[in-house]
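*Asks:* I am attaching a structure below and will ask some questions about it afterwards.
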Amino acid sequence: MADGPSEFRWMPEQASSFARETDALYLFLIGVSSFFTIAIAAAIVYFAIKYRRGSAADRSHPPTHLFYLELTWILVPFALTLVMFVWGAKAYFEQAWPPKGGIEISCVARQWMWKFQHPEGNAEIDDLHVPLGENVRMTLISEDVIHSFYVPEFRVKHDVLPGRYVTVWFRPTKAGQYHLFCAEYCGAKHSAMGGVVHVLEPSQYQLWLSGGGETNVSPQVAGQQLFEQLRCGTCHEGGGSGVNRGPPLENLFGSTVRLQNGTTVVADESYLRESIMRPAAKIVAGYQPIMPSFEGQIGEEGLLQLIAHLKSRAAPDRNAPPTGPSQPASPPLEKGQQP
Amino acid sequence: MTPNAPRPHRNYLNAAYTFRSWLLTRDHKRIAILYLFGVTGFFVIGGIAATIVRLELMTPAGDLVQSETYNKLFTIHGVTMVFFFLIPAIPTVLGNFLIPLMLGARDLAFPRINLFSWYLFMVGGTFTLWATLAGGVDTGWTFYTPYSSTYSNTYVMATAVGIFITGFSSILTGLNFIVTTHTMRAPGLTWFRLPLFVWSHYAVSLIMVLGTPVVAIAILLVGLERLFGIGIFDPSMGGDPLLFQHLFWFYSHPAVYIMVLPAFGVISELIACFSQRRPFGYAFIGFSSFAIAVLGFLVWGHHMFVSGQSVYAGMVFSMLSFLVAIPSSIKVFNWTATLHKASISYHTPMLYALGFIGLFTIGGLTGLFLATLAVDVHVHDTYFVVAHFHYIMVGGTVMAYLGGIHFWWPKMTGRMYPEGWARFSAILVFVGFNLTFFPQFVLGYLGMPRRYHVYPAEFQVLNVMSSAGASILAVGYFFPLTYLIWSLCYGPKAPPNPFGHTGLEWQTPSPPPTENFSETPVVSEEAYNFPPEDTEQNLEQEETPVGTV
Numbered sequence: 000m001a002d003g004p005s006e007f008r009w010m011p012e013q014a015s016s017f018a019r020e021t022d023a024l025y026l027f028l029i030g031v032s033s034f035f036t037i038a039i040a041a042a043i044v045y046f047a048i049k050y051r052r053g054s055a056a057d058r059s060h061p062p063t064h065l066f067y068l069e070l071t072w073i074l075v076p077f078a079l080t081l082v083m084f085v086w087g088a089k090a091y092f093e094q095a096w097p098p099k100g101g102i103e104i105s106c107v108a109r110q111w112m113w114k115f116q117h118p119e120g121n122a123e124i125d126d127l128h129v130p131l132g133e134n135v136r137m138t139l140i141s142e143d144v145i146h147s148f149y150v151p152e153f154r155v156k157h158d159v160l161p162g163r164y165v166t167v168w169f170r171p172t173k174a175g176q177y178h179l180f181c182a183e184y185c186g187a188k189h190s191a192m193g194g195v196v197h198v199l200e201p202s203q204y205q206l207w208l209s210g211g212g213e214t215n216v217s218p219q220v221a222g223q224q225l226f227e228q229l230r231c232g233t234c235h236e237g238g239g240s241g242v243n244r245g246p247p248l249e250n251l252f253g254s255t256v257r258l259q260n261g262t263t264v265v266a267d268e269s270y271l272r273e274s275i276m277r278p279a280a281k282i283v284a285g286y287q288p289i290m291p292s293f294e295g296q297i298g299e300e301g302l303l304q305l306i307a308h309l310k311s312r313a314a315p316d317r318n319a320p321p322t323g324p325s326q327p328a329s330p331p332l333e334k335g336q337q338p
Numbered sequence: 000m001t002p003n004a005p006r007p008h009r010n011y012l013n014a015a016y017t018f019r020s021w022l023l024t025r026d027h028k029r030i031a032i033l034y035l036f037g038v039t040g041f042f043v044i045g046g047i048a049a050t051i052v053r054l055e056l057m058t059p060a061g062d063l064v065q066s067e068t069y070n071k072l073f074t075i076h077g078v079t080m081v082f083f084f085l086i087p088a089i090p091t092v093l094g095n096f097l098i099p100l101m102l103g104a105r106d107l108a109f110p111r112i113n114l115f116s117w118y119l120f121m122v123g124g125t126f127t128l129w130a131t132l133a134g135g136v137d138t139g140w141t142f143y144t145p146y147s148s149t150y151s152n153t154y155v156m157a158t159a160v161g162i163f164i165t166g167f168s169s170i171l172t173g174l175n176f177i178v179t180t181h182t183m184r185a186p187g188l189t190w191f192r193l194p195l196f197v198w199s200h201y202a203v204s205l206i207m208v209l210g211t212p213v214v215a216i217a218i219l220l221v222g223l224e225r226l227f228g229i230g231i232f233d234p235s236m237g238g239d240p241l242l243f244q245h246l247f248w249f250y251s252h253p254a255v256y257i258m259v260l261p262a263f264g265v266i267s268e269l270i271a272c273f274s275q276r277r278p279f280g281y282a283f284i285g286f287s288s289f290a291i292a293v294l295g296f297l298v299w300g301h302h303m304f305v306s307g308q309s310v311y312a313g314m315v316f317s318m319l320s321f322l323v324a325i326p327s328s329i330k331v332f333n334w335t336a337t338l339h340k341a342s343i344s345y346h347t348p349m350l351y352a353l354g355f356i357g358l359f360t361i362g363g364l365t366g367l368f369l370a371t372l373a374v375d376v377h378v379h380d381t382y383f384v385v386a387h388f389h390y391i392m393v394g395g396t397v398m399a400y401l402g403g404i405h406f407w408w409p410k411m412t413g414r415m416y417p418e419g420w421a422r423f424s425a426i427l428v429f430v431g432f433n434l435t436f437f438p439q440f441v442l443g444y445l446g447m448p449r450r451y452h453v454y455p456a457e458f459q460v461l462n463v464m465s466s467a468g469a470s471i472l473a474v475g476y477f478f479p480l481t482y483l484i485w486s487l488c489y490g491p492k493a494p495p496n497p498f499g500h501t502g503l504e505w506q507t508p509s510p511p512p513t514e515n516f517s518e519t520p521v522v523s524e525e526a527y528n529f530p531p532e533d534t535e536q537n538l539e540q541e542e543t544p545v546g547t548v
């Protein structure tokens with residue numbers, strides 16, 4: 000690991016672009032807290048000695064309340080907490096919205112392992128290789144219970160939920176090896192569900208890509224194979240002759256889709272996943288709810304590959320989708336009947 | 000208020016000696032003693048589990064116990080301590096005993112319901128204990144779905160049913176306190192003459208009555224999914240796992256205030272008594288309890304900043320969480336200001352009260368770290384959180400409970416506790432507590448997740464410090480268990496008002512007669528109307544002042 004057991008530290012290393020600000024905020028909080036703790040402790044000790052029973056201190060006219068004093072110690076802490084709130088919320092926002100571009104890695108968590116898939120085809124378990132200085136955007140999902148992706152040196156943590164994609168991004172700023180932990184209790188081997196994040200110099204990362212991990216075909220290609228195997232094209236590809244029974248998929252990812260009930264939705268990963276698993280949840284305007292559900296027929300990894308394939312069929316500038324922070328999947332807008 | 004020569008009088012303890020007279024009693028004081036036995040038993044069980052957990056964490060490897068056992072141990076520790084000790088301890092023991100006495104009433108409004116609530120508590124506790132002995136449960140006290148509803152193969156439902164039943168005991172106790180406070184105050188005892196102990200118990204009763212049904216519903220829904228496969232929380236059945244977290248924390252965050260508001264009440268009494276001063280800003284302290292009770296219902300989402308809840312919801316919950324810190328800080332400042340121009344003596348309860356202020360201050364301030372969104376992302380579900388809530392629950396509630404037990408022990412038993420031993424163990428508890436939990440703040444910021452029984456070697460030093468502190472803490476808890484029992488036989492007889500406090504409970508003999516007061520007291524002055532300093536004849540003090548903290 001980056002720091003040996005012999006070296007005592009108060010904070011983990013700062014290995015991502017978030018770390019510095021989180022630590023600055025933490026130190027500010029420590030400063031404010033120490034001030035109040037010491038002030039209160041000092042006041043107690045001073046009063047405790049001066050006004051001990053039997054001492055000759057002046058006790059005339061003890062006040063029972065002082066309105067302006069009360070108001071002061073309501074308003075001053077309130078103002079300080081406002082600073083904490085704004086600063087903390089600002090940093091939280093930065094973490095919630097991934098910037099455009101960068102590397103996209105998908106992750107499937109299950110009891111008790113992390114499985115990562117790189118766009119180039121490299122897959123790895125419990126190890127994650129990322130290049131120094133590049134934005135890494137991760138799409139994570141769990142196959143069973145709730146897990147939590149946590150890299151202390153990055154100051155990054157997000158719960159990984161079953162049935163729903165969440166997005167995490169970070170930019171590593173220091174090469175090295177860092178702990179990957181599962182931070183949400185997930186059963187017997189919770190504490191063994193960890194691994195190592197390897198931050199590599201970009202050249203070394205390229206070297207690793209060319210031979211590291213379990214190299215398969217890229218997820219786009221695997222997705223295309225799945226697409227053909229499941230015969231998605233039967234309905235979704237009609238050669239543009241207007242005989243499509245399902246909506247066309249070219250340039251779908253990242254576009255705005257008009258639904259039967261008049262609302263619109265942005266075709267992001269969560270929308271695509273829902274449309275494959277529960278097609279009746281959102282019906283595209285002009286189409287019948289005839290698509291069968293693929294729930295139970297495609298695993299989470301297969302779904303991620305299918306989505307990677309659909310992304311490859313969209314214009315490249317849409318590949319960094321306008322995802323906001325990971326939002327809960329909106330409730331079904333249309334209770335279409337299951338075919 | 001002359002120091003009574005101990006004379007045998009009829010009291011609630013010697014009124015009858017049969018088992019039947021205890022198990023079918025409707026006397027709130029006897030029910031309080033029954034609860035005392037109950038919660039002490041659960042505290043010992045939770046403490047044993049904690050001891051094994053701390054022993055296991057001495058080394059980075061999983062050597063003393065294996066993961067399955069470890070997970071059951073921290074679950075037992077959490078479940079018994081939260082649901083069967085921290086939530087009930089102060090209201091059901093001290094509250095039950097004192098509220099009618101403080102109000103000048105003969106009993107609570109519904110004595111039979113009071114006894115019934117004890118039986119519910121014991122049945123719920125027994126259910127949970129049975130689940131523990133039969134094989135244990137490994138979900139943690141938080142029962143997060145879909146792990147608890149679909150994946151865990153342990154005794155989840157038996158434990159949940161135990162908690163469900165105990166919840167009703169909590170609701171009934173709250174109801175009883177509310178009605179009693181409204182209807183049974185002595186003549187002249189207006190709302191603004193009430194002891195702050197009663198104010199805080201009234202506020203906590205509101206939370207019990209309003210919040211507990213929600214956790215009962217959450218448990219019921221877990222049961223429906225687990226037993227009948229109805230998809231509520233498990234996404235593979237069309238459910239939403241976050242729904243459980245919303246329902247759970249809607250109760251369980253206010254539950255923190257159920258644990259700590261009664262502690263505030265105890266501390267207000269102790270500070271007032273041993274300073275011989277009316278609490279500074281009585282009304283502010285009283286109303287801040289209500290502010291906490293109301294705001295406490297609006298901050299549950301701060302447990303979910305990294306759960307996938309919307310970023311905007313996170314912002315609102317962060318803001319509200321900062322707001323709830325304000326009434327807590329009001330109390331700390333006001334207790335400190337009460338010491339100004341006071342006449343302070345250092346009996347054991349006061350040592351606990353001063354320790355409480357220090358530990359609760361640290362616990363409260365570290366809560367600000369967790370309310371700050373970006374910092375919470377890093378420390379959420381690490382030992383930082385563990386340290387924070389132990390500072391509130393143990394440093395706050397347990398310190399106040401022990402202080403309160405010592406303070407009212409003479410009233411409850413008619414015997415004084417041994418002051419020297421008690422002071423010694425109060426200091427041990429304070430030192431041991433800090434050594435146990437302060438290193439955990441550092442451990443958490445370094446990134447050690449909670450609920451790990453195997454951890455990287457670089458975390459060992461801090462874990463060993465923590466375990467060493469826990470052993471001191473255990474000794475500090477063991478002493479009161481021993482010397483309080485000893486005092487029942489050998490302690491000096493207690494006068495009616497050994498500490499010179501105001502308040503109606505001190506105007507009746509120790510221990511009080513079954514009917515509490517020989518005639519209904521009439522209140523004609525404000526609460527905490529202490530005589531001016533220098534009139535020493537009011538304080539039957541054999542003590543010379545002790546200048547140590």
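Protein chains in written order, with numbering that gives the first Met the number 0: chain A, 0 to 338; chain B, 0 to 548.
All C-beta atoms, glycine included, are put in the ideal place defined by N, C-alpha and C.
1) For residue 26/B, write down the residues that DSSP places opposite it in a beta bridge.
2) Any Cβ of chain B within less than 8 Å of the Cβ of residue 83/A?
3) Among 335/B, 504/B and 431/B, which one has its Cα closest to the Cα of residue 69/A?
4) Three-state secondary structure (DSSP) at residue 335/A?
5) Is the stretch 504-521 of chain B touching the stretch 280-295 of chain B in the sense that three or more CB pairs, one from each, lie closer than 8 Å?
6) Of all Cβ atoms in chain B, is any one closer than 8 Å to the Cβ of residue 47/A?
7) So which residues of chain B does residue 197/A contact, with C-beta pairs closer than 7 Å?
8) Please classify residue 75/B: is it buried, with 16 or more other beta-carbons within 10 angstroms of its beta-carbon, or exposed?
9) Ignore the nearest five residues each way along the sequence and tell me which others in residue 33/B's own chain have a CB closer than 6 Å to its CB.
10) Can you tell me which of 130/A, 181/A and 77/A puts its alpha carbon nearest to the alpha carbon of residue 114/A?
11) Using a C-beta cutoff of 8 Å, does residue 94/A count as contacting chain B?
12) Shorter than 8 Å from the beta carbon of residue 339/B to some beta carbon of chain A?
13) If you count every other CB in all the chains shown that lies within 10 Å of the CB of residue 340/B, and 16 or more means buried, which is it?
14) Would you tell me roughly how many angstroms separate the C-alpha atoms of residue 166/B and residue 266/B, rounded to the nearest one?
15) Under 8 Å between C-beta atoms, does residue 128/A make it to chain B?
16) Tell me the DSSP secondary structure of residue 109/A in three-state form.
17) Contact between the stretch 474-493 of chain B and the stretch 415-435 of chain B is defined here as three or more beta-carbon pairs at a separation below 8 Å; is this criterion met?
18) Using a beta-carbon distance cut-off of less than 8 Å, what residues from the stretch 143-157 of chain A approach chain B?
19) Using a Cβ cut-off of 7 Å, pull out every chain B residue sitting near residue 24/A, in sequence order please.
20) Looking at the secondary structure, which residues open and close the beta strand (DSSP E) in which residue 176/A lies?
21) Going residue by residue through the stretch 137-201 of chain B, where are the continuous alpha helix (DSSP H) segments of at least 4 residues, counting only ones entirely within it?
22) Mapping the DSSP letters down to three states, classify residue 98/B as helix, strand or coil.
23) Short of 8 Å Cβ to Cβ, which residues in the stretch 162-194 of chain A face chain B?
24) Under three-state DSSP, which class holds residue 156/A?
25) How would you list, in chain order, the residues of chain A whose beta-carbon sits under 8 Å from the beta-carbon of residue 276/B?
26) Report the partner residues of residue 123/A according to the DSSP bridge assignment.
27) Would a check of beta-carbon distances place residue 328/B closer than 8 Å to chain A?
28) Report the residue from 103/A, 7/A, 123/A and 172/A whose alpha carbon sits nearest the alpha carbon of residue 16/A.
29) Quick one: using the 10 Å Cβ neighbour count with 16 as the cut-off for buried, is residue 209/A buried or exposed?
30) Give the secondary structure of residue 272/A by DSSP, where H, G and I count as helix, E and B as strand, and everything else as coil.
31) For chain A, check one thing: does any of its Cβ atoms lie closer than 8 Å to the Cβ of residue 546/B?
32) Within 8 Å, do at least three Cβ pairs link the stretch 63-78 of chain B to the stretch 10-24 of chain B?
33) Less than 8 Å between CB atoms is the rule here; does residue 422/B satisfy it with respect to chain A?
34) Quick one, which residues of the stretch 49-76 of chain B are near chain A if we go by CB-CB under 7 Å, in chain order?
35) So residue 419/B contacts chain A; which residues on that side make the cut at Cβ distance below 7 Å?
36) Give the DSSP-derived three-state secondary structure of residue 325/A in the structure shown.
*Replies:* Concretely, from the data shown:
1) Bridge partners of residue 26/B: none, in fact.
2) yes
3) 335/B
4) Residue placement at residue 335/A is poorly supported in this model, since its pLDDT is 38, which falls under 50; the coordinates still yield a value, given next. In the structure shown, residue 335/A sits in coil (DSSP, three-state: anything other than H, G, I, E or B).
5) no
6) yes
7) Correct list: empty, because the minimum Cβ distance to chain B is about 16 Å.
8) buried
9) 117
10) 181/A
11) yes
12) yes
13) buried
14) 26 Å
15) no
16) strand
17) yes
18) 143, 144, 145, 147, 149, 151, 152, 154, 155, 156 and 157
19) 371, 373 and 374
20) 175-181
21) 155-182
22) helix
23) 162, 163, 165, 178, 180, 181, 182, 183, 184, 185, 186, 187, 188, 189, 190 and 191
24) strand
25) 61
26) 115/A
27) yes
28) 172/A
29) exposed
30) helix
31) Caution is warranted here: a pLDDT of 38 is assigned to residue 546/B, below 50, making its placement in the model unreliable, and the coordinate value is therefore given only provisionally. Yes, its Cβ sits closer than 8 Å to a Cβ of chain A.
32) no
33) no
34) 66, 67 and 70
35) Under the 7 Å cutoff, chain A gives no residues; its nearest Cβ is about 18 Å from residue 419/B.
36) With a pLDDT of only 42 at residue 325/A, under 50, the local geometry of the prediction cannot be trusted, and no value is derived from it.
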